[in-house]
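Remarks on the structure that follows.
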Amino acid sequence: MRIAVLLKEVPDTYSDRTMNLETGLTDRSGDVVADEVGERAVEAALRIAGSAGESQVDILSVGPETSVGSIRKGIAMGATEAYLVSDSKLVGADLTLTAEVLAALVKRNGYDLVVAGSSSSDGASGVIPAMVGELLDYPALTNLTDLRVEGTSVAATQASDGAVVELACELPAVAAVSDEFPDARFPNFKGLMAAKKKEINAVTLADLDVDPEDWTHARAIVVDIAERPARERGEIVDGNSQAASKLVDFLESKNLTAKEARS
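In this note's numbering, the protein residues as written are 1 to 263.
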């Protein structure tokens, strides 16, 4: 079985994240890491490969050439190969173009299963796995807390606040794990050394026959961007004898009654 994992480099969630107000793009000049939910997707793929036998896990990514360091995290964890699609025409690529590129790479390499994170920590769109599935005409199982392959079938658990749903489909398929999936394993020393020496396969748009200026496909562009206004400090009501009266006055000024406020 050949398994592909979609892994993305993102700004570190523990550092300040800002937008470039001139380009409309996320500023990626600071600390960057492999997306945490993407690492969970690598973990899911490696577990499946370990139980299936005769399986290979590859890392697929779209981004700048500098993102090889984050991609190597997947190799260190146990993946076999890594493919990075990097092209100047992909700067600022929207979701549809990103999905088109990933789908073309999956199709070229011929994978049986594509595993991804449900939603990245930077864009948080949550639609790339479904888009890739649509382009490939593969069933897409998303927001998963458990993922298994049984023969030629995929079985998964999708959990939400309202229900727990058991899902199944036939391979080939796309599966997206959520933040509730088990944590990714820590790479051992052998894996880290192997990742350091591993050559990352460079792929271009020409290799995939993808034209980013083909507007027959839906494309989105940034038309305006502005810095979010700073939050104004709220009024502090001290806990004294006048507190209740001030609170009522405040609610009335907002056209709220005490009953509406409680609801």
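Where a beta carbon is used, it is the ideal one built from N, C-alpha and C, also for glycine.
Alpha-carbon spacing of residue i relative to residue j, whole angstroms
{"i": "Glu170", "j": "Thr152", "result": "6 Å"}
{"i": "Ser156", "j": "Ser178", "result": "Here the sequence assigns Ala to residue 156, which means Ser is not the residue at that position. For Ala156 and Ser178, the distance between alpha carbons rounds to 12 Å."}
{"i": "Leu105", "j": "Ala163", "result": "35 Å"}
{"i": "Ala184", "j": "Glu22", "result": "36 Å"}
{"i": "Leu25", "j": "Asp16", "result": "15 Å"}
{"i": "Pro229", "j": "Gly123", "result": "20 Å"}
{"i": "Arg219", "j": "Leu208", "result": "18 Å"}
{"i": "Asp214", "j": "Leu95", "result": "14 Å"}
{"i": "Gly53", "j": "Ile225", "result": "49 Å"}
{"i": "Met193", "j": "Asp146", "result": "30 Å"}
{"i": "Asp137", "j": "Ala195", "result": "33 Å"}
{"i": "Leu97", "j": "Thr216", "result": "12 Å"}
{"i": "Asn255", "j": "Gln158", "result": "41 Å"}
{"i": "Pro139", "j": "Pro172", "result": "8 Å"}
{"i": "Glu39", "j": "Lys197", "result": "20 Å"}
Element boundaries [alpha helix (DSSP H), containing residue i]
{"i": "Ile75", "result": "68 to 77"}
{"i": "Thr96", "result": "95 to 109"}
{"i": "Ala40", "result": "This sequence places Arg at residue 40; Ala is not what is there. 36 to 52 is the extent of the alpha helix (DSSP H) around Arg40."}
{"i": "Leu90", "result": "Neither: Leu90 is in no alpha helix (DSSP H) and is coded neither H nor E."}
{"i": "Val132", "result": "128 to 136"}
{"i": "Ser245", "result": "243 to 253"}
C-beta atoms of residue i and residue j nearer than 9 Å
{"i": "Glu43", "j": "Met77", "result": "yes"}
{"i": "Val265", "j": "Gly92", "result": "Outside the displayed span of the chain (1 to 263) sits residue 265, for which this structure offers no information."}
{"i": "Glu33", "j": "Val62", "result": "Position check: residue 33 holds Val in this sequence, whereas Glu was assumed. Going by C-beta atoms, Val33 is not nearer than 9 Å to Val62."}
{"i": "Leu113", "j": "Val165", "result": "no"}
{"i": "Asn143", "j": "Ala176", "result": "yes"}
{"i": "Val154", "j": "Ser51", "result": "no"}
{"i": "Ala41", "j": "Phe181", "result": "yes"}
{"i": "Pro212", "j": "Leu90", "result": "yes"}
{"i": "Ser160", "j": "Val37", "result": "no"}
{"i": "Leu205", "j": "Asp31", "result": "no"}
{"i": "Pro64", "j": "Arg108", "result": "no"}
Sequence-distant residues of its chain with Cβ nearer than 7 Å to residue i (five each side left out)
{"i": "Ala99", "result": "Ile128, Met131, Val132, Leu135"}
{"i": "Val237", "result": "Ala243, Lys246, Leu247"}
{"i": "Val210", "result": "Glu100, Val101, Ala104"}
Sheet register partners of residue i (DSSP bridge)
{"i": "Ala206", "result": "BP columns for Ala206 are empty, so no partner."}
{"i": "Ser61", "result": "Leu84"}
{"i": "Leu144", "result": "Gln158, Val177"}
{"i": "Ile3", "result": "Val57, Leu113"}
{"i": "Thr26", "result": "Met19"}
{"i": "Val149", "result": "Val154"}
Continuous beta strand (DSSP E) stretch holding residue i: start and end
{"i": "Ser153", "result": "153 to 159"}
{"i": "Ile200", "result": "Ile200 -> no beta strand (DSSP E), and no H or E assigned at all."}
{"i": "Glu232", "result": "Segment: none, Glu232 is in no beta strand (DSSP E) and carries neither H nor E."}
{"i": "Glu170", "result": "164 to 170"}
{"i": "Glu9", "result": "9 to 11"}
Same chain, Cβ closer than 6 Å to residue i, five either side skipped, listed in chain order
{"i": "Ser67", "result": "Glu9"}
{"i": "Ile59", "result": "Val5, Leu7, Ile71, Gly74, Ala79, Ala82"}
{"i": "Ser121", "result": "Val10, Thr13, Asp35"}
{"i": "Ser125", "result": "Leu95"}
{"i": "Tyr111", "result": "Arg2, Ala4"}
Residues near residue i by beta carbon distance below 8 Å, same chain, minus five either side
{"i": "Ser55", "result": "Met1, Arg2, Ile3, Ile48, Ala49"}
{"i": "Ala168", "result": "Ser153, Val154, Ala155, Ala156"}
{"i": "Ile200", "result": "Val68, Ile71, Arg72, Ala82, Tyr83, Leu84"}
Closer than 9 Å to chain D by CB, residue i
{"i": "Ser61", "result": "You won't find chain D in this structure, because it holds only one protein chain."}
Near the ligand SAH: residue i beta-carbon under 8 Å from a heavy atom
{"i": "Gly92", "result": "As for the ligand SAH, it is missing from this structure, which has no ligand bound."}
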